[in-house]
Amino acid sequence: MSREDAPGQPPKRVRVTAPRSQASRAPSGYPVAREVAEQSEVGQVFVRSLIRSQLRLAVVVAVGFLLVLLAFPLLLAWVPGLNRAEFLGVPFVWLLLGVGVYPLIGLSAWLYVRTASRNEARYLDLVEEDE
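Spelled out as C-alpha cells, the structure:
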C-alpha cells in the first residue's frame, strides 16, 4: 500500500503502455540549435551558410528569368515577320508567350520553392545532427 492510498479505498489504477515506435522522440538537447539561438560564432556560421545557399539560388533563378525575358524581344527583333504571324487566328507572339514563356516562369517558380525547401531541410538536418 502506497502513501497516497487512503485506508479502505482501492489503490489508484495506473495505465502502462508501450512506447510509440512511430512517434518522433522529444529532443534531448540541441547544442548546435542552442548555439544558433544564442547567436554564437558556430551558430552564425550555420545561419550564414543557409543564407548564402538561398541567395545563390535566388540569383540563379533571377538570372534565368531575366534571360527568358530578354530572349523574347530579341527573338521578335531577329525574326522580322514573327510579330505579324498568326496561328488559327491567334497572333503567334501570344502563343509563344502563353505556351512557351509563362509555363517556363511557373516551372522556375516551382523549382525555386522546391529547392529552397530542400536547402532549409538540409540546414535543419545539419543543426539537428549534433544532438
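Residue numbers (UniProt numbering): 1 to 131.
All C-beta atoms, glycine included, are put in the ideal place defined by N, C-alpha and C.
Among the options, whose alpha-carbon lies nearest the alpha-carbon of residue i?
{"i": "E128", "options": "R15, Q9, F46 and V14", "result": "F46"}
{"i": "R114", "options": "G8, Q54 and Q9", "result": "Q54"}
{"i": "residue 132", "options": "L50, G64, E120 and K12", "result": "A query on residue 132 cannot be resolved here, the shown segment of the chain reaching from 1 to 131 and no further."}
{"i": "A121", "options": "V101, G43, G89 and L50", "result": "L50"}
{"i": "N119", "options": "L107, R52, L82 and P11", "result": "R52"}
{"i": "A116", "options": "G43, R13, E86 and R56", "result": "R56"}
If you follow the alpha helix (DSSP H) that residue i is in, where does it begin and where does it stop?
{"i": "V93", "result": "F92 to L95"}
My assumption, with CB atoms under 8 Å, is that residue i sits in contact with residue j. Please give the rounded CB distance.
{"i": "L76", "j": "V93", "result": "7 Å"}
{"i": "V68", "j": "L104", "result": "6 Å"}
{"i": "V101", "j": "F72", "result": "6 Å"}
Starting from residue i, follow its DSSP beta bridges and name the residues at the other end.
{"i": "F87", "result": "V90"}
Check your understanding: Would you call the segment 82-96 and the segment 51-69 touching, i.e. three or more CB-CB distances under 8 Å?
Key -> Verdict: no, contact absent.
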